[in-house]
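For the sequence shown, the working numbering begins at 60 and goes up steadily by one.
Cβ atoms here follow ideal geometry from the backbone N, Cα and C, with glycine treated the same way.
Step one of this worksheet: look at the structure below.
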Amino acid sequence: MIDKDKIITTVLTRLKKLPEGHYLELLTYKRNRSVVIVKVRDEELLVIERGYCEDRFHIEPDALRKLLKTLLKKEFPRSRKIRLYEMGAFAEKDALSIKRKTL
Numbered sequence: 060m061i062d063k064d065k066i067i068t069t070v071l072t073r074l075k076k077l078p079e080g081h082y083l084e085l086l087t088y089k090r091n092r093s094v095v096i097v098k099v100r101d102e103e104l105l106v107i108e109r110g111y112c113e114d115r116f117h118i119e120p121d122a123l124r125k126l127l128k129t130l131l132k133k134e135f136p137r138s139r140k141i142r143l144y145e146m147g148a149f150a151e152k153d154a155l156s157i158k159r160k161t162l
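Here it is in structure tokens:
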């Protein structure tokens, strides 16, 4: 669990080390809302928002900081700590259907 204030810098540093095709998952404490960030290529990211809103964004890595700020305000408004998971290779059917324990 990472502080909400430090999550953007942590995500950006982990994305640099992440191999292509792998993804990061940000979850609330209760694990009922999430943001998935897939590194498609070095110049392209896929961001999937699952929570209050369901949306998909294809962006460049330079635009991720601004997008994460808006998504954190929308999906994690009262959260102080955010769960960050470094996942393996992204297969959409499997990745979005993972059942986690909810609190």
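Under the rule that a run must span 4 or more residues, no alpha helix (DSSP H) segment is found entirely inside the stretch 86–126. The C-beta of Lys63 has fewer than 16 other C-beta atoms within 10 Å across all chains shown, which makes the residue exposed. Residue state for Leu77 is assigned as coil, using DSSP reduced to three classes. Leaving aside the five residues that flank His117 on each side, the residues in its chain whose CB is nearer than 7 Å to its CB run, in chain order, Glu103 and Leu105. Here the alpha carbon of Gly147 sits roughly 14 Å from the alpha carbon of Leu85.
With a cutoff of 8 Å on beta-carbon distance, Ile61 and Thr72 are scored as not near each other. Comparing C-alpha distances from Pro136 to each of Lys76, Leu77 and Arg92 shows the shortest one belongs to Arg92.
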